[in-house]
Structures are given as structure tokens and as C-alpha cells.
Amino acid sequence: MYVELRNLNKQFNGFKAADNVSFGIERGHLAGLLGPSGSGKTTILRMLAGLETPDSGDILIDGKRVNDIPAARRGIGFVFQDYALFRYMTVFGNIAFGLTVQKKEKRFIQARVTELIKLIGLEGLERRRPHQLSGGQKQRVAFARALAPNPQLLLLDEPFAAIDAKVRKDLRSWLRETINKVGVTSIFVTHDQDEAVEVADEIVITNSGRIEQVGTPTDIYKNPQTPFAAGFIGESIVVSDYGRLHGFQATDGFDQAVLRPEFVRAVKLEKEVFPHASQHGTVQEVYFRGNALELRINLGGQVVTSHQSLEEEAFKVGEEVSVLIYRLYLLGRDSVRLMENASIKSDGSFFI
Amino acid sequence: MRTKVTKVILIILGGLFIASMLIMPLTTVLVYALRQGLTVFTSAITDDYAIKALQLTLLTCCITLLINTFFGVFAAWTITKFRFRGRQVLTTLIDIPFSISPVIAGLVFILVFGRIGWAYPLVESLDINVVFAVPGIILATTFVTFPFVSRELIPVMQAQGREEEEAAALMGARGLRIFRKVTFPHIKWGLLYGVILCSARALGEFGAVSVVSGHLRGKTNTLPLHVEILFNEFKVTAAFAVASVLVVIAVIVLILRNIVEYRLKREKG
Amino acid sequence: MPGLMRIFKRRKNNVIPGFGLSMGITLTMLSLVVLIPLASVLLILSDYTFAQFWQVITDPKTISTYRVSLGCAAIAALINVVFGVLLAWVLTRYKFPGRRILDSLIELPFALPTAVAGIALTTLYSDKGWIGSLFEKIGVKISYTTVGITIALIFIGIPFVVRSIQPVLESLDAGYEEAASILGASKARIFFRVVFPEILPAAMTGFALALARGIGEYGSVVFIAGNIPYETQITPLIIMNFLEQFNYPAATSIALVMIVFSFVVLFGINILQSKVNKVARGS
């Protein structure tokens with residue numbers, strides 16, 4: 018492990034911002050700390066940077082304990098949420114600042130900054146001040162400024178939060194590519210799961226100061242290990258009476274279940290394939306979601322969500338349809354279990 | 088229509104107030120200063136004692152400014168760039184001189200350095216006169232104007248936040264470089280504004296200086312004290328002539344203040 | 004100093020360097036210039052018995068100065084609230100030629116040395132002065148009476164009130180008043196029911212600031228007051244008189260009363276200010 022946190026604790030006026038936090042990131046990886054606001058993800062990032070001191074626990078970078086090393090000497094680049102660009106310096110001055118502090122040679126600084134400006138694609142804007150730049154450009158300058166002193170670890174606090182939705186998508190893939198190109202180990206904080214899934218190699222899910230799960234995006238999606246992770250990732254709805262759904266049985270110790278739209282398939286009554294595993298429901302609402310339709314279907318009082326391809330014949334509101342639920346995540350107090358629809362097998366050996 | 092009438096009435100009322108309270112006193116000074124002709128006016132303001140008083144006033148103002156600017160920058164930096172317990176208490180303590188009568192400001196230095204003061208043996212052994220001497224005047228003026236610079240800087244620095252400084256510190260910059268390169272460009276107009284207000288008050292301070300000065304002509308007389316002496320000796324024209332010098336300074340201060348305030352607003356906007 | 008430093012302990016880790024140094028400089032200078040000299044008041048009084056202290060501060064002559072200082076300062080501050088609201092309203096809501104000049108003139112009392120203001124007002128309002136002679140005809144004397152003191156304190160206090168109210172009026176959305184007028188409220192009703200409650204805390208802050216300044220004011224008042232004991236003698240002046248007689252304990256005793264009163268006002272201002280800030284922030 019290149020970066021490792023061991024049993025970190027941090028309290029603010031009795032509020033636990035970090036509760037026995039432990040996880041590690043491999044060298045060269047791009048990790049995303051994902052969680053709702055107030056879950057402690059920013060505190061973890063700030064402790065890594067040295068902007069906050071943990072009450073207890075160890076922070077290791079490259080095998081060395083850095084708790085007592087001041088922030089400036091941890092070899093970290095930090096990109097602030099609102100960039101914190103120096104408003105009275107030019108783009109060049111901002112990027113060069115860290116190198117000037119290290120008393121690097123003038124010619125070296127010139128070359129390094131030029132190289133970085135090329136990397137972020139802002140050639141020709143060296144003399145601009147931050148207020149003359151767009152949000153996306155500011156973000157790139159902040160990124161280059163953090164990279165200039167060649168940090169061993171790059172930390173980014175909500176890097177896309179202050180950027181309009183349109184530019185955000187481009188910037189995400191740009192950031193991912195550029196970090197891969199530079200090869201620096203990076204950790205970013207976000208509350209947006211799409212962003213985490215799209216950008217990160219590895220996701221760390223935080224909730225009320227605790228780490229819920231660490232893994233690749235696919236891993237977390239397929240095998241959520243805690244009720245929180247199961248509910249937080251994907252567009253989930255929580256069902257309490259899951260024993261009433263066809264093909265599923267109530268299980269002791271699991272009071273609720275999580276149902277994702279992709280676990281649910283609705284077809285016209287005449288196209289029903291698994292009569293035992295399916296049940297009938299009424300289409301309540303149909304929304305157009307750009308690339309698909311989203312359906313709300315009432316199954317005897319329980320409303321579930323499903324997607325439908327635009328290629329298929331659209332349902333009408335009020336129409337009766339056959340609904341098949343493939344699987345559910347059962348939620349216990351602190352465990353999650355995957356439950357498949359038991360009746361599909363008895364309907365014959367079809368595979369989807 | 089009725090709105091228009093209200094508007095005109097209110098403007099006239101406000102104008103009358105300003106005319107009788109502010110404009111006419113100002114005019115009085117200038118008219119009385121010149122009513123016996125230019126020669127009397129010039130001789131009053133070029134009088135030896137007047138020149139000495141002006142010199143002392145300027146000296147006091149400069150030293151006070153140095154002390155208060157130094158203090159103001161450090162106090163504002165401490166209060167806005169760090170989070171610590173008792174920040175509100177510290178801010179309130181700094182504001183104390185605002186609410187203390189100038190007479191008391193002078194009195195406390197007599198209680199420290201005067202013949203009954205606890206520091207009297209110390210200053211005497213060093214052969215320094217504080218009370219009824221120039222150091223006392225400077226101390227009393229410093230006390231009265233102590234919060235002026237920090238009070239202007241604190242809101243400006245608060246509005247700027249501390250992220251830029253944090254970013255610079257994370258890259259290893261030391262305090263002085265952070266202040267010079269990152270903080271100072273943000274606060275330069277605010278600082279100038281505070282310096283102007285501080286110098287206006289320091290030039291004109293009367294009560295506190297009056298207590299500690301001892302009114303020694305040519306030695307411990309500042310311009311405002313000189314005005315008082317002339318006025319009490321019924322040399323009214325001379326008093327107003329010297330006062331008019333202070334009025335000119337005050338008007339210059341007002342104009343500078345306006346320019347700086349305009350720049351300050353533009354920076355913020 | 005280390006003791007004081009411990010009181011103001013840094014609460015959270017912060018990467019910005021220089022906390023110890025700047026806190027040290029701030030506290031040292033604050034102590035040297037303000038706190039220690041002020042504390043000397045108590046040191047001097049420790050040689051004085053409470054009975055002596057009490058006798059000085061409750062002497063009828065002293066009490067009459069409280070009445071003059073407090074009374075004139077309170078009346079001046081009240082008048083300033085009325086004209087302060089009017090001026091702040093005129094300066095923020097109306098456009099007219101000369102508005103900028105009027106606005107900067109408000110600051111004049113801050114910039115003009117108090118002694119200059121003192122002799123100018125005394126002359127202007129004396130029975131031979133431009134304004135004083137007009138009032139003389141109807142039998143009202145201004146200079147050397149409590150009316151004169153009040154006028155000097157109005158001069159000193161006006162910028163405090165205007166500058167407290169102006170930002171609140173500026174931040175107050177005009178749409179708010181428009182909404183009320185669409186609902187059919189009369190102009191006066193809009194002002195007293197909609198605008199006035201919003202600016203009340205700021206007006207009170209301005210009142211308190213002007214009052215605090217007025218009670219302690221010396222330079223502009225001393226000329227116009229005339230200093231007749233029991234009639235126009237103000238508290239700062241009686242302190243000055245005791246000092247001239249080298250009666251330091253008596254001067255210090257009365258100073259202590261004024262300091263305590265100032266702290267009470269300062270405390271009140273702080274509470275009001277936090278309320279004003281809430282209004283200005285719109286929460």
C-alpha cells in the first residue's frame with residue numbers, strides 16, 4: 018500500500034468526523050472518497066494533507082508515518098474545492114509559486130511551468146488573472162499548480178463541485194486521462210456517485226465518519242457489503258415487505274431489501290415468460306429520461322421502478338403489465354445478502 | 088406627485104441639518120481666520136510656536152501610525168487567519184479605546200508614568216520624562232487610535248477567507264512570503280483606508296493629549312492644543328487661522344478617504 | 004504573556020504559519036498600550052478606602068456632572084437617530100445633485116479635530132455668532148448652556164448613526180417596499196411597518212455608539228460648555244479639574260465609574276451588532 022490510514026479518529030465538539038478509519042491506496046491509483054455531505058470524507062482528506070490533526074491513529078505515505086510531518090513537507094499536492102487560486106497572481110505566477118518557494122532555478126521554473134500549461138491546454142493564457150478565466154480553466158490551473166512541485170500524492174477536494182454540468186463531463190474524463198498520464202497517486206472527494214464511478218479506479222464509501230466499503234466501482238456495485246453501500250450506490254428503492262414479492266421469502270434478521278431498476282423487468286401481459294416468478298402490476302407513471310423510459314409500477318401497493326428501452330413498444334399509464342424481479346439485496350443490521358428470485362428455476366432453465 | 092413632495096421635503100430637512108451642523112461651522116473657521124486680512128492670517132500660522140506645534144503634531148502622527156499599523160496588521164492576521172478560543176474576546180479587548188473617554192486615556196498614562204505611577208522609578212532612573220513630555224503625548228495618541236487600523240483590516244481579511252494562505256502554506260511558503268505575495272495585495276486599500284482614518288484622529292486628538300501634555304509652549308504643544316491656548320487668550324483670529332490649517336488637512340483626509348473607499352468597493356465588487 | 008497565550012489557545016490545526024508570533028505581538032502590544040495602563044486605575048484606587056471612593060463619586064457636584072453628561076449625550080443621540088434615519092434614507096433612496104458631497108460631509112466630524120469643532124461651534128452659536136444671534140432675538144442662549152453641549156454632541160455623534168443605518172438600508176430590498184405598496188399600504192405606513200423594524204437594531208447600535216462617544220467627549224464640548232459647576236460641567240471636565248489640583252485618587256475614582264459605564268455600553272453594542280449582522284445577512 019502506498020497510502021495507508023490506520024485507525025484514524027477525529028472529533029469536532031463531540032461530533033465524530035472520523036471513527037476508526039482504516040484503508041489503503043495502491044501506488045499510481047486514482048481513488049474516490051464517496052459519501053453524503055457530513056460523512057467525514059473531507060476531514061479524511063484534510064488529515065491526509067496535514068490541514069487537520071487526527072486525535073489518534075496513523076497516516077502512512079510510502080511506508081513512513083507522516084503524522085508529525087508538517088503539511089508542507091509531506092510531498093502532497095492539494096486542489097481546493099474553490100481552487101483557492103492566488104487572485105493577485107497570473108496563471109504563470111500561480112503555477113510557479115510552489116517552485117519559487119523551493120528556490121528552484123529560474124530557467125527550470127520557466128520550463129516546468131510551460132510544460133504544465135501545455136499539459137492543461139491553456140497556452141497563451143499565462144498572463145491572465147484568475148478572474149479572467151472560466152470555471153473549467155480555473156480548475157485546470159489549480160490542478161497544474163498542485164502538480165508543479167512534482168508531488169508524490171495528489172489530493173482533490175470536490176474537484177468538480179463548482180463547475181457547470183456541461184463542462185463537468187468533459188473535465189472528468191480529462192482529469193482521469195491526465196492523472197493516468199502523469200502517473201501520480203491521487204485521492205479525490207465527491208458526493209456524486211456518477212463522478213466516483215466514472216473517474217476512480219477505487220472507491221472508498223464513507224458514512225457518519227466510518228468507512229463502509231472499499232473496492233472497484235464494479236465490485237461495490239455488484240457486491241455491496243453494508244446496507245449503506247447497497248442503498249447509496251445506484252438508484253435504489255428500499256422495500257420493507259419484500260416477502261410479498263413473487264419469488265422471494267422473508268428471511269430472519271433481514272427486515273428490508275434494496276431493489277434497483279435494473280433488477281426489475283416489465284413486459285406486456287402476452288409476452289410473460291416466467292409465470293410463477295412474475296406478478297401483475299399497474300403502470301402508474303412513465304417518465305422520459307433522455308435515453309430510456311423510467312416506469313413506476315404498482316405491485317399491490319408496493320411501487321417499484323424499472324427502465325424500458327425506447328426501442329420497445331411504450332406502456333400506457335394504467336396499463337396492466339407482468340413484472341419480473343430477478344434479485345434483491347437483503348439488508349440486515351450490518352450485513353447484506355444477495356437473494357435471487359427462487360421461482361425462475363422452477364419456470365425452466367432460461368438465462369438472461 | 089406626493090412622493091415627489093416627500094422627497095423634496097426630506098432632502099431639504101437633511102440639507103438644513105448638514106448646513107447648520109457641518110457646513111456652517113466649517114465656514115465659520117475659514118471666515119474668522121481671514122477676517123483681519125491675509126497678513127494676520129499668515130503671521131498666525133507662521134508663528135514660531137505654531138510651527139513647533141505643527142512639527143510635534145506631525146511627529147506624533149507618524150510614530151502613532153507606525154505603531155498602530157504594525158499592531159493592526161498582526162492583530163487582524165491573528166484574528167482572521169487562525170481559529171482559536173477567545174477570538175471574540177480578543178476583538179472586544181482591541182475595541183476598548185473606542186469607548187473610553189480621551190480624558191481617561193490621558194489619565195491612565197499619568198497613573199503609570201506620573202510621579203504617583205508604579206513605573207515612575209523606572210523611567211526616572213532612565214532619565215526619561217514621559218508625562219508632560221513628548222513620549223506621553225505619543226502614548227496617549229497611540230492609545231486613542233489603537234484599534235483604527237485593525238478595525239478596517241479585519242472585515243477585509245475575513246471576506247478574503249484563508250484558503251489562499253492555506254494553499255500557499257501547503258506548498259511550503261513561510262509567513263512573510265505568504266503575507267507579502269498572497270495577503271497584502273488583498274488588503275492594501277483597506278490598510279490605506281485605516282491609515283488615513285488613524286492619521287486624521289491622531290492629528291486632531293485633543294482630550295488625551297491635553298491631559299498628558301502640560302501645555303508647555305514650544306515643547307509639548309500640538310496644533311489642537313495651540314488652538315485652545317490662542318482661543319482662551321482671546322486671540323480668536325489667530326486661533327481660527329491655525330484651526331484652518333487643521334480644516335484643510337481634514338478636507339484632504341476626506342477626499343483621500345473617498346478615493347480609497349471607491350477603490351475598496353471596486354476591489355470587492 | 005505565556006499565561007495569556009494559553010487562554011487564547013489555537014483550537015484546530017492550521018497550516019498557516021506564524022500563529023505564535025502574531026498572537027504574541029498582538030497580546031504584548033495590546034497589554035502595553037491598553038490593558039496594563041487601564042489596570043493601573045485599579046492599582047491607584049487600592050490605596051483608597053471604599054468610603055472615600057464612594058464619597059467622591061456620589062458628591063453632589065460630581066452627580067450633577069453625570070446628569071449633564073448623560074442627559075445631553077442621550078438627547079443628542081436621540082436627535083441623531085431621527086436625523087440619522089432621515090439622512091441615511093435620503094442618501095440611499097434618492098438621487099439628486101450634490102448627493103456624493105453630502106455623503107462625504109457626513110464623515111467630517113471624524114476627520115475634523117475636536118478642538119476645531121469646539122471653537123467653531125462655540126463661535127457660531129454664541130450670541131454674536133451667525134446662528135446664535137438669531138436665537139438670541141427670541142431669548143434662547145445656546146453657547147455656554149446645556150443646549151450648546153447638546154449641539155456639540157450632535158455634531159460628534161451624527162456619523163455614527165448614519166453609518167450604522169446606511170448599510171442596512173442599502174441591503175434592504177426595494178422590492179420589499181414595492182410589494183407593500185402594491186398591497187395598498189400608504190408611504191408612511193410602509194415606512195413604519197416595513198422599513199423601520201428592519202433598521203431598528205442598526206439605529207439602536209448607532210444610538211449606543213453616539214451615546215458612548217458623547218459621554219466621554221471632551222474637545223468639542225469643553226469650549227461651548229462654559230463649565231459652570233452644577234449647571235454645564237461635564238464628567239470628563241471634572242476629572243480634568245481634579246487632575247489640575249493633583250487630586251489623582253478623586254480623578255481616578257470618577258474615571259472608574261466612566262470606564263465601567265463604557266464597558267456596559269460596549270457590551271450592549273456588541274449584542275446589538277450581532278443582531279444587525281443577522282439582519283444584513285438576511286437570516
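Residue numbers (this note's numbering), protein chains in the order written: chain Z, 18 to 369; chain X, 88 to 356; chain P, 4 to 286.
Ideal Cβ positions, reconstructed from N, Cα and C, are used throughout, including at glycine.
Computed from a predicted structure; not experimentally measured.
Through-space distance from P:T149 to X:P159, alpha-carbon basis | Per the sequence shown, the amino acid found at residue 159 of chain X is Gly instead of Pro. Taking the straight line joining both Cα atoms gives about 38 angstroms.
Sort Z:P292, Z:F109, Z:F205, Z:I228 by Cα distance to Z:A161 and report the nearest one.
-> Z:F109
Which residues of chain P have a Cβ atom closer than 7 angstroms to the Cβ of Z:A88, listed in chain order?
-> V18
Backbone CA spacing between Z:R118 and Z:P166 [nearest angstrom] = The sequence as given places Val at residue 118 of chain Z; Arg does not occur at that position. Looking at the two C-alpha atoms, the distance is approximately 10 angstroms.
Establish whether the CB of Z:A179 and some CB of chain X are separated by less than 8 angstroms.
-> no
Kindly say whether Z:G67, judged by its beta-carbon, lies nearer than 8 angstroms to any beta-carbon of chain P.
-> yes
How is P:N83 classed by DSSP in three states: helix, strand or coil?
-> helix
Who are the Cβ neighbours of X:D182 in its own chain at under 6 angstroms, not counting the five residues just before and after it?
-> P234
Using a cut-off of 9 angstroms between C-beta atoms, extract the partners of P:G222 located in chain X.
-> P189, G291, E292, F293, G294, S297, P311, E315
Pull up the distance between the alpha-carbon of Z:V83 and that of Z:T59, whole angstroms please.
-> 18 angstroms
Residue span of the alpha helix (DSSP H) that contains Z:A34, given as start and end = It is not in any alpha helix (DSSP H) - Z:A34 instead sits in the beta strand (DSSP E) that spans 32 to 42.
From Z:H293, Z:E289, Z:E311, Z:L172, pick the residue whose C-alpha is nearest to that of Z:V206; which is it?
-> Z:L172
Out of P:E181, P:S167, P:L137, P:S72, state which residue places its alpha-carbon closest to the alpha-carbon of P:T236.
-> Residue identity check: residue 236 of chain P is Gln in the sequence provided, not Thr. The residue with the shortest Cα to Cα distance from P:Q236 is P:S72.
Can you find at least 3 beta carbon pairs, one from the region 333 to 343 of chain Z and one from the region 308 to 323 of chain Z, that sit closer than 8 angstroms?
-> yes
Between the Cα of Z:L65 and those of Z:N37, Z:I76, Z:I42, spot the shortest distance and give me the residue it belongs to.
-> Z:I76
Kindly indicate which three-state DSSP category P:R166 falls into: helix, strand or coil?
-> helix
Shorter than 8 angstroms from the beta carbon of X:L263 to some beta carbon of chain Z?
-> no
What is the DSSP secondary structure of X:F161, counted as helix, strand or coil?
-> helix
How should P:T117 be labelled, buried or exposed, when 16 other C-beta atoms within 10 angstroms of its C-beta is the threshold for buried?
-> buried
Would you mind telling me which residues of chain X sit closer than 7 angstroms to P:M32, beta carbon to beta carbon, in chain order?
-> F158
Taking only beta-carbon positions, decide if P:P100 is within less than 8 angstroms of chain X.
-> no
Pick out whichever of X:I187, X:T228, X:V127, X:T165 has its Cα sitting closest to the Cα of P:S25.
-> X:T165
Mind checking Z:G141: buried by the 16 CB within 10 Å criterion, or exposed?
-> exposed
Quickly, what does DSSP pair Z:T202 with across the bridge? List them, please.
-> Z:L170
Nearest-angstrom Cα distance between X:T228 and Z:A179?
-> 48 angstroms
Residues near P:I227 in its chain [Cβ-Cβ closer than 6 angstroms; skip 5 each side] | L124, T125, S146, G151, A155
Between X:A246 and chain Z, is there a C-beta pair that is closer than 8 angstroms?
-> no
So what does DSSP say about Z:T207, is it helix, strand or coil?
-> strand
Measuring only between beta-carbons, confirm whether X:H273 sits less than 8 angstroms from chain Z.
-> yes
Host beta strand (DSSP E) of Z:F29 (start-end) = 20 to 29
When the Cα atoms are used, what is the spatial distance from X:T115 to P:F264?
-> 35 angstroms
Minimum Cβ-Cβ distance from X:G348 to chain Z less than 8 angstroms = The amino acid at residue 348 of chain X is misidentified as Gly; the sequence shows Glu. Not closer than 8 angstroms to any Cβ of chain Z, the Cβ of X:E348 fails to qualify, so no.
Assign Z:T223 to one of two classes, buried (16 or more other C-beta atoms within 10 Å of its C-beta) or exposed (fewer than that).
-> buried
Apart from the five residues just before and just after P:K278, which ones in its own chain have a Cβ nearer than 6 angstroms to its Cβ?
-> P204
So what does Z:K81 bridge to, in DSSP terms?
-> Z:I78
Cα-Cα separation, P:V36 to Z:A213 | 56 angstroms
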